[in-house]
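S.K.: In UniProt numbering, the protein residues as written are 1 to 321.
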(Lines of atoms letter the chains of each structure in order from A and count residues from 1; the text may use other names and numbers.)
(Lines give C-alpha, C1' and ligand atoms only; values in the text may rest on other atoms or scores of the structure.)
Protein backbone atom coordinates (compact mmCIF):
# COMPACT_ATOMS: atom_id res chain seq x y z
CA UNK A 1 0.00 0.00 0.00
CA UNK A 2 2.81 2.39 0.87
CA UNK A 3 4.70 1.71 -2.33
CA UNK A 4 1.51 2.08 -4.26
CA UNK A 5 0.92 5.44 -2.57
CA UNK A 6 4.44 6.60 -3.43
CA UNK A 7 3.88 5.63 -6.99
CA UNK A 8 0.65 7.63 -7.24
CA UNK A 9 2.26 10.67 -5.59
CA UNK A 10 5.24 10.45 -7.89
CA UNK A 11 3.01 10.24 -10.90
CA UNK A 12 1.03 13.25 -9.74
CA UNK A 13 4.25 15.20 -9.12
CA UNK A 14 5.58 14.30 -12.53
CA UNK A 15 2.34 15.33 -14.15
CA UNK A 16 2.29 18.67 -12.31
CA UNK A 17 5.95 19.25 -13.15
CA UNK A 18 5.28 18.48 -16.78
CA UNK A 19 2.36 20.90 -16.83
CA UNK A 20 4.52 23.62 -15.30
CA UNK A 21 7.30 23.01 -17.81
CA UNK A 22 4.87 23.04 -20.70
CA UNK A 23 3.29 26.22 -19.37
CA UNK A 24 6.68 27.87 -19.04
CA UNK A 25 7.67 26.81 -22.52
CA UNK A 26 4.39 28.01 -24.02
CA UNK A 27 4.39 31.30 -22.16
CA UNK A 28 8.00 32.03 -23.17
CA UNK A 29 7.46 31.43 -26.87
CA UNK A 30 7.04 34.75 -28.68
CA UNK A 31 5.98 35.48 -32.25
CA UNK A 32 6.97 38.93 -33.43
CA UNK A 33 4.46 40.20 -36.04
CA UNK A 34 5.30 42.11 -39.18
CA UNK A 35 6.52 45.76 -38.79
CA UNK A 36 7.31 45.21 -35.11
CA UNK A 37 10.40 44.63 -32.98
CA UNK A 38 10.88 43.47 -29.37
CA UNK A 39 13.65 44.77 -27.12
CA UNK A 40 14.88 41.89 -24.87
CA UNK A 41 16.62 42.38 -21.52
CA UNK A 42 18.52 39.61 -19.71
CA UNK A 43 18.85 40.07 -16.00
CA UNK A 44 17.94 43.75 -16.40
CA UNK A 45 20.45 44.58 -19.17
CA UNK A 46 19.88 44.95 -22.86
CA UNK A 47 20.42 41.62 -24.56
CA UNK A 48 19.08 41.75 -28.12
CA UNK A 49 16.30 42.93 -30.44
CA UNK A 50 13.89 40.42 -31.85
CA UNK A 51 12.78 40.96 -35.42
CA UNK A 52 9.82 39.36 -37.19
CA UNK A 53 9.45 35.60 -36.53
CA UNK A 54 9.35 32.95 -33.79
CA UNK A 55 11.51 33.45 -30.67
CA UNK A 56 12.00 31.82 -27.24
CA UNK A 57 13.15 33.53 -24.06
CA UNK A 58 14.60 31.97 -20.98
CA UNK A 59 12.01 32.00 -18.20
CA UNK A 60 12.71 34.31 -15.24
CA UNK A 61 15.93 35.52 -16.93
CA UNK A 62 14.89 37.15 -20.22
CA UNK A 63 12.23 39.83 -20.37
CA UNK A 64 10.54 41.71 -23.21
CA UNK A 65 11.44 45.24 -22.16
CA UNK A 66 9.62 47.07 -24.98
CA UNK A 67 7.51 46.31 -28.00
CA UNK A 68 8.24 48.77 -30.76
CA UNK A 69 6.12 49.40 -33.87
CA UNK A 70 8.21 50.14 -36.95
CA UNK A 71 5.31 51.69 -38.87
CA UNK A 72 5.22 55.38 -39.68
CA UNK A 73 3.62 57.38 -36.88
CA UNK A 74 1.67 60.63 -37.08
CA UNK A 75 1.44 63.07 -34.18
CA UNK A 76 -0.79 66.14 -34.27
CA UNK A 77 0.51 68.59 -31.67
CA UNK A 78 -1.85 71.18 -30.16
CA UNK A 79 -1.48 74.85 -31.21
CA UNK A 80 1.62 76.58 -29.83
CA UNK A 81 1.65 80.35 -29.14
CA UNK A 82 4.58 82.05 -30.87
CA UNK A 83 5.59 85.67 -31.37
CA UNK A 84 6.63 87.01 -34.77
CA UNK A 85 9.40 89.50 -35.47
CA UNK A 86 6.87 92.36 -35.54
CA UNK A 87 5.51 91.36 -32.08
CA UNK A 88 2.29 89.64 -33.18
CA UNK A 89 1.27 86.59 -31.15
CA UNK A 90 -0.08 83.79 -33.29
CA UNK A 91 -0.94 80.15 -32.70
CA UNK A 92 0.53 77.41 -34.89
CA UNK A 93 -0.20 73.70 -34.74
CA UNK A 94 2.01 71.18 -36.49
CA UNK A 95 1.80 67.57 -37.66
CA UNK A 96 4.87 65.31 -37.41
CA UNK A 97 5.40 62.14 -39.47
CA UNK A 98 8.15 59.94 -38.05
CA UNK A 99 9.38 56.34 -38.04
CA UNK A 100 11.41 54.32 -35.52
CA UNK A 101 14.55 53.03 -37.17
CA UNK A 102 16.47 51.70 -34.13
CA UNK A 103 14.34 50.04 -31.39
CA UNK A 104 17.28 49.92 -28.95
CA UNK A 105 17.94 53.68 -29.14
CA UNK A 106 14.21 54.36 -29.03
CA UNK A 107 13.91 52.27 -25.83
CA UNK A 108 16.97 53.70 -24.04
CA UNK A 109 17.67 57.04 -25.76
CA UNK A 110 15.09 59.27 -24.10
CA UNK A 111 12.58 58.79 -21.31
CA UNK A 112 9.51 59.98 -23.19
CA UNK A 113 10.18 60.29 -26.93
CA UNK A 114 6.81 61.86 -27.82
CA UNK A 115 7.05 64.57 -25.17
CA UNK A 116 10.65 65.24 -26.21
CA UNK A 117 9.62 65.65 -29.86
CA UNK A 118 6.73 67.94 -28.91
CA UNK A 119 8.89 70.22 -26.77
CA UNK A 120 11.65 70.30 -29.38
CA UNK A 121 9.10 71.17 -32.07
CA UNK A 122 7.69 74.03 -29.98
CA UNK A 123 11.09 75.57 -29.25
CA UNK A 124 12.25 75.20 -32.87
CA UNK A 125 9.02 76.77 -34.12
CA UNK A 126 9.46 79.76 -31.80
CA UNK A 127 13.02 80.30 -33.04
CA UNK A 128 11.95 80.19 -36.70
CA UNK A 129 8.87 82.39 -36.34
CA UNK A 130 10.84 84.90 -34.26
CA UNK A 131 12.89 85.67 -37.38
CA UNK A 132 9.84 86.25 -39.60
CA UNK A 133 7.21 88.98 -39.74
CA UNK A 134 3.52 88.16 -39.84
CA UNK A 135 3.19 88.45 -43.63
CA UNK A 136 6.30 86.34 -44.12
CA UNK A 137 4.99 83.72 -41.69
CA UNK A 138 1.70 83.40 -43.57
CA UNK A 139 3.48 82.93 -46.90
CA UNK A 140 6.46 80.78 -45.79
CA UNK A 141 4.89 77.47 -44.81
CA UNK A 142 7.31 75.43 -46.92
CA UNK A 143 10.30 77.25 -45.43
CA UNK A 144 9.02 76.65 -41.88
CA UNK A 145 8.34 72.97 -42.60
CA UNK A 146 11.82 72.39 -44.00
CA UNK A 147 13.67 74.07 -41.13
CA UNK A 148 11.67 72.25 -38.43
CA UNK A 149 12.25 68.91 -40.16
CA UNK A 150 16.00 69.47 -40.40
CA UNK A 151 16.32 70.39 -36.70
CA UNK A 152 14.10 67.53 -35.49
CA UNK A 153 15.75 64.96 -37.74
CA UNK A 154 19.20 65.88 -36.47
CA UNK A 155 18.13 65.80 -32.81
CA UNK A 156 16.11 62.56 -32.99
CA UNK A 157 18.88 60.49 -34.61
CA UNK A 158 20.18 59.73 -31.13
CA UNK A 159 16.73 58.45 -30.18
CA UNK A 160 16.44 56.00 -33.07
CA UNK A 161 13.74 58.13 -34.74
CA UNK A 162 13.63 59.33 -38.35
CA UNK A 163 11.55 62.46 -39.03
CA UNK A 164 10.03 62.01 -42.49
CA UNK A 165 7.82 65.07 -42.76
CA UNK A 166 6.70 68.13 -40.83
CA UNK A 167 3.61 70.13 -41.81
CA UNK A 168 2.30 73.40 -40.40
CA UNK A 169 -1.39 72.65 -40.10
CA UNK A 170 -2.88 76.01 -39.06
CA UNK A 171 -1.63 79.54 -38.49
CA UNK A 172 -4.14 81.53 -36.42
CA UNK A 173 -3.47 85.27 -35.97
CA UNK A 174 -5.43 87.29 -33.35
CA UNK A 175 -8.98 88.29 -34.24
CA UNK A 176 -8.22 92.00 -34.71
CA UNK A 177 -5.33 91.11 -37.00
CA UNK A 178 -7.62 88.87 -39.03
CA UNK A 179 -10.17 91.72 -39.40
CA UNK A 180 -7.42 94.12 -40.53
CA UNK A 181 -6.09 91.55 -42.98
CA UNK A 182 -9.56 91.01 -44.44
CA UNK A 183 -9.97 94.77 -44.94
CA UNK A 184 -6.54 94.96 -46.55
CA UNK A 185 -7.35 92.07 -48.85
CA UNK A 186 -10.69 93.65 -49.79
CA UNK A 187 -9.00 96.97 -50.58
CA UNK A 188 -6.35 95.18 -52.60
CA UNK A 189 -9.00 93.33 -54.60
CA UNK A 190 -10.86 96.58 -55.28
CA UNK A 191 -7.62 98.22 -56.42
CA UNK A 192 -6.86 95.33 -58.76
CA UNK A 193 -10.40 95.46 -60.08
CA UNK A 194 -10.09 99.20 -60.83
CA UNK A 195 -6.73 98.62 -62.55
CA UNK A 196 -8.12 95.79 -64.65
CA UNK A 197 -11.18 97.86 -65.60
CA UNK A 198 -8.97 100.82 -66.60
CA UNK A 199 -6.69 98.57 -68.62
CA UNK A 200 -9.71 97.05 -70.34
CA UNK A 201 -11.10 100.47 -71.26
CA UNK A 202 -7.68 101.55 -72.50
CA UNK A 203 -7.31 98.48 -74.69
CA UNK A 204 -10.86 98.97 -75.99
CA UNK A 205 -10.14 102.60 -76.94
CA UNK A 206 -6.89 101.58 -78.62
CA UNK A 207 -8.63 98.86 -80.60
CA UNK A 208 -11.39 101.26 -81.70
CA UNK A 209 -8.83 103.88 -82.78
CA UNK A 210 -6.82 101.27 -84.64
CA UNK A 211 -10.00 100.04 -86.33
CA UNK A 212 -10.92 103.57 -87.44
CA UNK A 213 -7.38 104.13 -88.67
CA UNK A 214 -7.40 100.91 -90.68
CA UNK A 215 -10.84 101.81 -92.11
CA UNK A 216 -9.59 105.22 -93.28
CA UNK A 217 -6.47 103.63 -94.76
CA UNK A 218 -8.54 101.02 -96.56
CA UNK A 219 -10.92 103.67 -97.92
CA UNK A 220 -7.98 105.74 -99.19
CA UNK A 221 -6.41 102.69 -100.77
CA UNK A 222 -9.74 101.80 -102.39
CA UNK A 223 -10.12 105.34 -103.80
CA UNK A 224 -6.55 105.20 -105.04
CA UNK A 225 -7.12 101.85 -106.72
CA UNK A 226 -10.36 103.14 -108.29
CA UNK A 227 -8.60 106.25 -109.66
CA UNK A 228 -5.79 104.11 -111.03
CA UNK A 229 -8.24 101.74 -112.68
CA UNK A 230 -10.21 104.67 -114.17
CA UNK A 231 -7.04 106.27 -115.50
CA UNK A 232 -5.91 102.97 -116.92
CA UNK A 233 -9.33 102.55 -118.59
CA UNK A 234 -9.23 106.03 -120.14
CA UNK A 235 -5.66 105.47 -121.31
CA UNK A 236 -6.68 102.17 -122.84
CA UNK A 237 -9.66 103.82 -124.59
CA UNK A 238 -7.45 106.61 -125.97
CA UNK A 239 -4.91 104.06 -127.10
CA UNK A 240 -7.61 102.05 -128.86
CA UNK A 241 -8.95 105.18 -130.61
CA UNK A 242 -5.46 106.13 -131.71
CA UNK A 243 -4.81 102.63 -132.92
CA UNK A 244 -8.10 102.65 -134.85
CA UNK A 245 -7.24 106.05 -136.42
CA UNK A 246 -3.79 104.89 -137.34
CA UNK A 247 -5.22 101.71 -138.78
CA UNK A 248 -7.69 103.75 -140.89
CA UNK A 249 -4.95 106.01 -142.16
CA UNK A 250 -2.84 103.00 -142.96
CA UNK A 251 -5.70 101.42 -144.87
CA UNK A 252 -6.27 104.69 -146.81
CA UNK A 253 -2.59 104.85 -147.61
CA UNK A 254 -2.59 101.27 -148.77
CA UNK A 255 -5.69 101.89 -150.89
CA UNK A 256 -4.04 104.90 -152.62
CA UNK A 257 -7.02 107.13 -151.93
CA UNK A 258 -7.73 109.99 -154.35
CA UNK A 259 -8.10 113.62 -153.46
CA UNK A 260 -11.86 113.33 -153.50
CA UNK A 261 -11.78 110.48 -150.95
CA UNK A 262 -9.51 112.47 -148.68
CA UNK A 263 -11.82 115.44 -149.04
CA UNK A 264 -14.78 113.24 -148.10
CA UNK A 265 -12.94 112.04 -145.02
CA UNK A 266 -12.26 115.66 -144.15
CA UNK A 267 -15.97 116.38 -144.39
CA UNK A 268 -16.70 113.42 -142.06
CA UNK A 269 -14.14 114.70 -139.57
CA UNK A 270 -15.62 118.21 -139.84
CA UNK A 271 -19.08 116.70 -139.16
CA UNK A 272 -17.80 115.17 -135.93
CA UNK A 273 -16.13 118.45 -134.94
CA UNK A 274 -19.33 120.42 -135.52
CA UNK A 275 -21.58 118.19 -133.36
CA UNK A 276 -23.21 121.12 -131.63
CA UNK A 277 -20.85 121.39 -128.67
CA UNK A 278 -18.43 123.96 -130.16
CA UNK A 279 -19.44 127.66 -130.09
CA UNK A 280 -17.08 128.69 -132.86
CA UNK A 281 -16.06 126.68 -135.91
CA UNK A 282 -13.37 127.74 -138.38
CA UNK A 283 -13.95 126.13 -141.79
CA UNK A 284 -10.91 125.67 -143.98
CA UNK A 285 -11.10 127.20 -147.49
CA UNK A 286 -10.82 123.80 -149.15
CA UNK A 287 -13.77 122.51 -147.22
CA UNK A 288 -15.83 125.64 -147.99
CA UNK A 289 -15.29 125.15 -151.72
CA UNK A 290 -16.10 121.53 -151.49
CA UNK A 291 -19.16 122.32 -149.42
CA UNK A 292 -20.46 124.67 -152.10
CA UNK A 293 -19.81 122.13 -154.79
CA UNK A 294 -21.53 119.48 -152.77
CA UNK A 295 -24.59 121.71 -152.24
CA UNK A 296 -24.85 122.45 -155.98
CA UNK A 297 -24.57 118.81 -156.87
CA UNK A 298 -27.15 117.94 -154.27
CA UNK A 299 -29.58 120.52 -155.70
CA UNK A 300 -29.14 119.28 -159.26
CA UNK A 301 -29.68 115.68 -158.14
CA UNK A 302 -32.74 116.61 -156.11
CA UNK A 303 -34.21 118.61 -159.05
CA UNK A 304 -33.69 115.75 -161.38
CA UNK A 305 -35.38 113.38 -159.00
CA UNK A 306 -38.42 115.67 -158.35
CA UNK A 307 -39.10 117.13 -161.90
CA UNK A 308 -42.28 115.55 -163.48
CA UNK A 309 -42.02 113.91 -166.82
CA UNK A 310 -43.65 116.03 -169.73
CA UNK A 311 -46.26 114.28 -171.89
CA UNK A 312 -45.97 114.66 -175.72
CA UNK A 313 -48.08 117.45 -177.16
CA UNK A 314 -51.41 116.34 -178.63
CA UNK A 315 -52.02 117.10 -182.33
CA UNK A 316 -54.26 120.11 -182.97
CA UNK A 317 -57.91 119.41 -183.45
CA UNK A 318 -59.10 119.64 -186.98
CA UNK A 319 -55.99 119.24 -188.97
CA UNK A 320 -55.26 120.76 -192.32
CA UNK A 321 -57.43 119.62 -194.86
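From the three backbone atoms N, C-alpha and C, an ideal C-beta is built for every residue, glycine too. Because the structure is a prediction, the values reported are computed rather than measured.
1) Just the Cα atoms here: how many angstroms apart are residue 37 and residue 99?
2) So is residue 46 buried or exposed if we call it buried at 16+ other beta carbons inside 10 Å?
3) Which term fits residue 113, buried or exposed, when burial requires 16 or more other beta carbons within 10 angstroms of its beta carbon?
4) Does residue 169 come out as helix, strand or coil in the three-state DSSP assignment?
5) Taking DSSP as the reference, what is the three-state secondary structure of residue 163?
6) Whole angstroms is fine: what's the gap from residue 74's alpha carbon to residue 166's?
7) What does a CB cutoff of less than 7 angstroms around residue 89 pick up in its chain, not counting 5 residues either side in sequence?
8) What did DSSP end up calling residue 33 once you bin it into helix, strand or coil?
9) Exposed or buried, residue 245, counting other C-beta atoms within 10 Å across all chains shown (16 or more means buried)?
10) Within its chain, find whatever has a CB closer than 6 angstroms to the CB of residue 153; leave out the 5 residues flanking it on each side and keep chain order.
11) Determine the DSSP secondary structure at residue 102, reduced to helix, strand or coil.
12) Could you tell me if residue 160 is buried or exposed, where buried requires 16 or more neighbouring beta carbons within 10 angstroms of its beta carbon?
13) Rounded to whole angstroms, what is the Cα-Cα separation between residue 54 and residue 72?
14) Report yes or no: do three or more beta-carbon pairs, one from the segment 182-190 and one from the segment 129-139, lie closer than 8 angstroms?
15) Going by alpha carbons, who is nearest to residue 172 out of 79, 108 and 230?
16) Do you know offhand how far residue 52's Cα is from residue 28's?
17) Count the other CB atoms, across all protein chains shown, that sit within 10 Å of the CB of residue 149; report buried if there are 16 or more and exposed otherwise.
18) Report yes if the C-beta distance between residue 93 and residue 168 is below 9 angstroms; otherwise report no.
19) Helix or strand or just coil, what does DSSP make of residue 113?
20) Could you give the distance in angstroms between the alpha-carbon of residue 95 and the alpha-carbon of residue 117?
21) Assuming contact is defined by CB atoms lying nearer than 9 angstroms, are residue 69 and residue 35 in contact in what I supplied?
22) Quick one: is residue 11 buried, meaning 16 or more other Cβ sit within 10 Å of its Cβ, or exposed?
23) To the nearest angstrom, report how far apart residue 226 and residue 235 are at their CA atoms.
24) Please report how far the alpha carbon of residue 217 lies from the alpha carbon of residue 142, in whole angstroms.
25) From residue 5 to residue 58, what distance separates their C-alpha atoms?
26) In angstroms with no decimal places, state the Cα-to-Cα distance between residue 120 and residue 193.
27) Give me the Cβ distance between residue 49 and residue 61, rounded to the nearest whole Å; I'm assuming they're in contact under 8 angstroms.
28) DSSP three-state call for residue 131: helix, strand or coil?
29) In this structure, does DSSP put residue 56 in helix, strand or coil?
30) Return yes when at least one heavy atom of the ligand FMN lies under 8 angstroms from the C-beta of residue 55, else no.
31) Start and end of the beta strand (DSSP E) containing residue 64?
M.R.: The answer reads as follows:
1) 13 angstroms
2) exposed
3) buried
4) strand
5) strand
6) 10 angstroms
7) 81, 83 and 174
8) coil
9) exposed
10) 163
11) coil
12) buried
13) 24 angstroms
14) no
15) 79
16) 16 angstroms
17) buried
18) yes
19) helix
20) 11 angstroms
21) yes
22) exposed
23) 14 angstroms
24) 57 angstroms
25) With a pLDDT of 49 at residue 5, under the threshold of 50, the modelled position of this residue cannot be trusted; read the value that follows with caution. C-alpha separation (whole angstroms): 35 angstroms.
26) 45 angstroms
27) No, residue 49 and residue 61 are not in contact; Cβ-Cβ is about 17 angstroms, not under 8 angstroms.
28) coil
29) strand
30) Within the structure as shown, the ligand FMN is missing, as the structure has no ligands at all.
31) 62-69
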